[in-house]
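A.B. asks: I have a structure I would like to understand better, so I am pasting it below and will then ask my questions one at a time.
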Amino acid sequence: MKKKSFYILLFIVTILNIMPSAAYADVGPKPSIEIDFKGLENKRYYVTLLSEVELTGPYHVPDYLNVQGNGNAEVEDETFWQKFLTYQDEDGFYFLQYYKDCTATNEFVWGYRPPPRFKILIYFPEYDCLLVSEEAYKR
8 MKKKSFYILL
18 FIVTILNIMP
28 SAAYADVGPK
38 PSIEIDFKGL
48 ENKRYYVTLL
58 SEVELTGPYH
68 VPDYLNVQGN
78 GNAEVEDETF
88 WQKFLTYQDE
98 DGFYFLQYYK
108 DCTATNEFVW
118 GYRPPPRFKI
128 LIYFPEYDCL
138 LVSEEAYKR
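In terms of the working numbering, the sequence shown is residues 8 to 146.
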């Protein structure tokens, strides 16, 4: 009886190992955007990307009638946030509520679901000035 139980158990284990099973994996490099700024080492500035589409991943065009917060956890100074919100691009690109203070790192990274086509928008609070790239780039 023990020998029969052993062979049945061995048969079941073998069948389970042989049977194909579905494997779900999220592999491969993901699109991301990394921009290094040169010559702005002693300047305070905020950077965002303007998107050709209204939605990419969790980022979307804000509801201008009821803006309660923003895509980032905390906003120290609402001035730049309002500048990004009210900016109207002449080519119809959108602010998707994702931005970074690049003062310390001189680097902007959009690592999760960046827009496929974008313009770069920079705000300098010291000069109350917005700069936008003339052309659109592909990620």
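Where a beta carbon is used, it is the ideal one built from N, C-alpha and C, also for glycine.
Short check: CB of TYR144 to CB of PHE115, under 7 Å?
C.D. replies: no
A.B. asks: Please list the terminal residues of the continuous beta strand (DSSP E) segment that includes GLN104.
C.D. replies: From DSSP, the beta strand (DSSP E) with GLN104 extends over 101-108.
A.B. asks: Figure out for me which residue from GLY35, PRO122, ARG51 and THR21 has the closest Cα to the Cα of LEU137.
C.D. replies: ARG51
A.B. asks: Alpha carbon to alpha carbon, what distance is there between GLY46 and PRO132?
C.D. replies: Those two C-alpha atoms are separated by around 17 Å.
A.B. asks: Between which residues of its own chain and ILE42 is the CB-CB distance below 6 Å, once the five residues before and five after are set aside?
C.D. replies: PHE115
A.B. asks: Cβ of VAL68 within 7 Å of Cβ of ILE129?
C.D. replies: no
A.B. asks: Pairing CB atoms from the region 22-29 with CB atoms from the region 98-111, are three or more of them under 8 Å?
C.D. replies: These segments do not touch.
A.B. asks: Looking only at C-alpha atoms, which of SER140, PRO121, TYR14 and ASP135 sits nearest to GLY64?
C.D. replies: PRO121
A.B. asks: State buried or exposed for LEU72, treating a residue as buried only when at least 16 other CB atoms are found within 10 Å of its CB.
C.D. replies: Residue confidence for LEU72 is low, a pLDDT of 44 falling below 50, so the modelled location carries little weight and cannot support an answer.
A.B. asks: Here's the rule: buried if 16 or more other CB atoms are within 10 angstroms of the residue's CB, otherwise exposed. What is GLN89?
C.D. replies: Around the beta carbon of GLN89, a 10 Å sphere encloses fewer than 16 other beta carbons of the protein chains shown; the residue is thus reported as exposed.
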